[in-house]
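Q: Everything in the sequence shown is counted per numbering that gives the first Met the number 0, starting at 0 for the first residue and increasing by one.
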Amino acid sequence: MQAPKPAVTAEAQPFIPYVEEKDYPDRLQPVLEPYRRRMGFVPNALKLYMHRPEIAETLWTLNSRIMRDPSSTLDQLLKRKLAALACAVNGCAYCTSHSCSMLKKPRGSGGEEGWDLGEEELQAIVSGRVVPKDELERVCFDYVRAASADPVNVPDDLLERLRRHLTPPQIIELACVVGFWKFYNTVHDSLHIPVESALLADTGYVDLAPVHAYR
0 MQAPKPAVTA
10 EAQPFIPYVE
20 EKDYPDRLQP
30 VLEPYRRRMG
40 FVPNALKLYM
50 HRPEIAETLW
60 TLNSRIMRDP
70 SSTLDQLLKR
80 KLAALACAVN
90 GCAYCTSHSC
100 SMLKKPRGSG
110 GEEGWDLGEE
120 ELQAIVSGRV
130 VPKDELERVC
140 FDYVRAASAD
150 PVNVPDDLLE
160 RLRRHLTPPQ
170 IIELACVVGF
180 WKFYNTVHDS
190 LHIPVESALL
200 ADTGYVDLAP
210 VHAYR
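1. Could you round the C-beta distance between residue 82 and residue 176 to whole angstroms and report it? I think they count as a contact, below 8 angstroms.
2. Roughly how many angstroms separate the alpha carbons of residue 155 and residue 196, rounded to a whole number?
3. Verify whether the separation of the beta carbon atoms of residue 194 and residue 90 is less than 8 angstroms.
4. Could you give the C-beta distance for residue 2 and residue 200, rounded to a whole number, given that I count them as a contact under 8 angstroms?
5. Is it true that the region 114-122 meets the region 135-144, where meeting means three or more beta-carbon pairs spaced less than 8 angstroms apart?
6. Using C-beta distances below 7 angstroms, list every residue in its chain close to residue 76, excluding the 5 sequence neighbours before and after it, in chain order.
7. Would you decide whether residue 127 is buried or exposed? Buried here means 16 or more other CB atoms lie within 10 Å of its CB.
8. Quick check: the Cα distance between residue 97 and residue 53, rounded to an integer number of angstroms?
9. Indicate whether the contact test is met: 3 or more Cβ pairs, each with one atom in the region 54-65 and one in the region 31-45, closer than 8 angstroms.
10. Drop a sphere of 10 angstroms on the beta-carbon of residue 95, count the other beta-carbons inside from all chains shown, and report buried for 16 or more, exposed for fewer.
11. On the three-state DSSP scale, how would you describe residue 191?
12. Can you tell which of 17, 170, 67 has the C-alpha that lies nearest to the C-alpha of residue 112?
13. When burial is assigned at 16 or more other CB atoms within 10 Å of the CB, is residue 147 buried or exposed?
14. Could you tell me the distance, in whole angstroms, from the CA atom of residue 144 to the CA atom of residue 84?
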């Protein structure tokens, strides 16, 4: 299966300047370096968040707590897939391209995070056509689609399925995955943060997002 056509063809310039590397705040290094190692570079969004290091420190720590903390009650790969779906449903090309690139990247690629997913599986995830391995995964995907598209109208039957298949800690963790990416997507889209040139080919994944949130 071919990759989707990119939605962006050239890296743009931000409407406010990035913080230059020589000016990265010292207080952010403990949370910035793990991010840099995982990604293999410092994303454009982080270069803007560094204008407010107090906020950046909190956001990047929250990202780690939700997505990869040792205390996690949900599988990390599952949350990575759910993040890609949430970003696609929210229509954020910036975050969708980052999520999909990370999922496709080979495992152990230079110390960077990678999950070695094939193109067919990746497109199934962002389009809502993924075949879950069990009922826990199924309800997670259904909830993320519904809650990302229309949080006020998440159906009662879907919440009942959550209660049946997930523990209360898992439900809260799942909801925080949705909420965190809704926040990130809103900030990044509203500021028109440019997608990095190396990821431009992955911006087309956002066009595969499901039209219907949940049925």
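Using N, Cα and C, we set each Cβ at its ideal position, and we do this for glycine too.
A: Taking the structure as given:
1. Position 83 of the sequence shown, counted from the start, is the residue given in the question as residue 82. Position 177 of the sequence shown, counted from the start, is the residue given in the question as residue 176. The beta carbons of residue 82 and residue 176 sit about 6 angstroms from each other, so the pair counts as a contact at 8 angstroms.
2. Taking the first residue of the sequence shown as 1, we reach residue 155 at position 156. Taking the first residue of the sequence shown as 1, we reach residue 196 at position 197. Straight-line Cα distance between these residues: approximately 42 angstroms.
3. In the sequence shown, residue 194 corresponds to position 195, counting from 1. In the sequence shown, residue 90 corresponds to position 91, counting from 1. Taking 8 angstroms as the Cβ cut-off, residue 194 and residue 90 do not qualify as a contacting pair.
4. Residue 2 sits at position 3 when you count from the first residue of the sequence shown. Residue 200 sits at position 201 when you count from the first residue of the sequence shown. About 7 angstroms separates the two Cβ atoms, so the contact holds.
5. The region 114-122 and the region 135-144 do not touch, with fewer than 3 CB-CB distances between them shorter than 8 angstroms.
6. What you label residue 76 is simply residue 77 of the sequence shown in a count that begins at 1. Result list for residue 76: 114, in chain order.
7. On the sequence shown, position 128 is the one that residue 127 refers to. Buried, by the Cβ-count rule.
8. Residue 97 sits at position 98 when you count from the first residue of the sequence shown. Residue 53 sits at position 54 when you count from the first residue of the sequence shown. So the alpha carbons of these two residues sit roughly 24 angstroms apart.
9. Yes: the two stretches touch, three or more of their Cβ pairs being nearer than 8 angstroms.
10. Reading the sequence shown from its first residue, position 96 is the one you call residue 95. It counts as buried.
11. In the sequence shown, counting from the first residue as 1, residue 191 sits at position 192. Reduced to three states, the DSSP call for residue 191 is coil.
12. Mapped onto the sequence shown, residue 112 falls at position 113. Closest option to residue 112, Cα to Cα, is 67.
13. Counting from 1 along the sequence shown, the entry for residue 147 is found at position 148. Counting Cβ neighbours within 10 Å, residue 147 comes out buried, since at least 16 surround it.
14. Reading the sequence shown from its first residue, position 145 is the one you call residue 144. Reading the sequence shown from its first residue, position 85 is the one you call residue 84. Using only the alpha carbons, I get a separation of about 7 angstroms.
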